[in-house]
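Residues 182 to 473, numbered by this note's numbering, are exactly what the sequence shown covers, in order.
Written below as structure tokens is the structure these notes are about.
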Amino acid sequence: MNKELVTFSINIRIINKLSLFNIKTISYMNIFNFLFYNFLPNNCLICGRTLKNNNICSHCEISLKPKFNINRCKLCYKPINNKYEDYCLYCQQYDIPIRYIRYIMEYKELCSIFIKQMKYSSSRKLLDFGSDLLVTNYKKYFGNDFHDIIIPAYSSKKSLEERGFLHTYFLAKNVYKYIKGYKNDVVLAKYTDFPDNYKRRAHLPLKLRLRYSKININLRKNDIINKKILFIDDMITTGSSALNLLFELKACGFKSFDIYTLGVSKDFYSNFEQSLEVYNKKMLKFYSKYND
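See the structure below:
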């Protein structure tokens, strides 16, 4: 047995009937992070600055807020140098299957620290801060065009067992609660199972990120027809998670599909163009089989 690991199981039943959190193998470092980020309120949870009252310093709060004074593409949100242009060159030339891509912050050093600590430290305070950023800026990005279905990014079973919870579900749940105040029939999708063949993809080649994986959610085709879908993730790096889900929903007749994340990687747009090429080939292959 690995001495660096302590194994125990904790089952926590969530009020909203979310499936049980299953916390299995947690390293000593994860336990230290949990205790540090939840029980030391006199330090900024992101940069570590000494504080008197708050959990996050004003420097981090200001730095992580979105910048609305930059001219961006109305579809993919890519910065545009020409202030008189509404769309980037790529969106002018090609049709993309996603209506809007919106994110809160650029992937810089502070953003990287915040995202990693939020994902791996098990800090409820950091999750609250992240979800508050998504909620408070929702109307600035989407106006009163409220979505019908909120779908969090999915994860592999292994990652879920190690972390003990799906952090993207927490982010999506708070956005769902906000929209519900305006649109009572909004739906928060839940995963009934997580794919076994969906492995960690951070170091995988781009083509392998878009391989077919069965994604099981508690929605039927009739629930999705003519609905506006919002996909929520912590970070968008290639867009492959959203495109995989889009492929699963291809025949459901939804009205629109948007992406809303906390951060974006510095190479996202070049990676996203490659992801779209792979996705389009995948769709052509699917329809060719369907027509045959």
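No residue lacks a Cβ here, since even glycine has one placed at the ideal position from N, Cα and C.
For clarity, every value in this text was computed on a predicted model and none was experimentally measured.
Exercise for review: Could you tell me if Phe249 is buried or exposed, where buried requires 16 or more neighbouring beta carbons within 10 angstroms of its beta carbon?
Suggested key: exposed
Review point. What span of residues does the beta strand (DSSP E) with Asp415 cover, start to end?
Key: Unbroken beta strand (DSSP E) run through Asp415: Lys409 to Ile417.
Point to revise | Presumed contact (8 Å Cβ cut-off) between Lys233 and Asn252, rounded CB distance | key: Actually they are not in contact, since the Cβ atoms of Lys233 and Asn252 sit about 39 Å apart, beyond 8 Å.
Review point. Do Ile360 and Tyr319 have their C-beta atoms within less than 9 Å of each other?
Key: It is a contact, given that the beta carbons lie within the stated cut-off.
Practice item. Determine, using beta carbons only, whether Tyr372 and Tyr335 come nearer to each other than 9 Å. Key: yes
Check your understanding: Exposed or buried, Ile243, counting other C-beta atoms within 10 Å across all chains shown (16 or more means buried)?
Key -> With fewer than 16 other Cβ atoms within 10 Å, it is exposed.
**Study point:** Per DSSP, the bridge partner or partners of Ser437
**Key:** Lys409
Review point. What do you reckon, are the CB atoms on Ile413 and Pro333 nearer than 9 Å?
Key: Between Ile413 and Pro333, the gap from beta carbon to beta carbon is short of 9 Å.
Practice item. Please report the Cβ distance between Cys254 and Tyr268, rounded to the nearest whole angstrom; I am assuming they are in contact, meaning their Cβ atoms lie under 8 Å. Key: 5 Å
Review point. Does the beta-carbon of Leu341 have 16 or more other beta-carbons within 10 angstroms, so that it is buried, or is it exposed?
Key: buried
Practice item. Report the option in Tyr460, Lys358, Tyr363 and Leu226 whose CA atom is closest to the CA atom of Phe310. Key: Leu226
**Study point:** Nonlocal neighbours in the same chain, by C-beta distance under 6 Å from Leu389, ignoring five residues either side
**Key:** Interpretation of Leu389 is limited by its pLDDT of 47, a score under 50 that renders its predicted location unreliable; no figure is taken from the coordinates.
Practice item. Ignoring anything shorter than 4 residues or poking outside the segment 341-380, list the alpha helix (DSSP H) runs there in chain order. Key: 348-361
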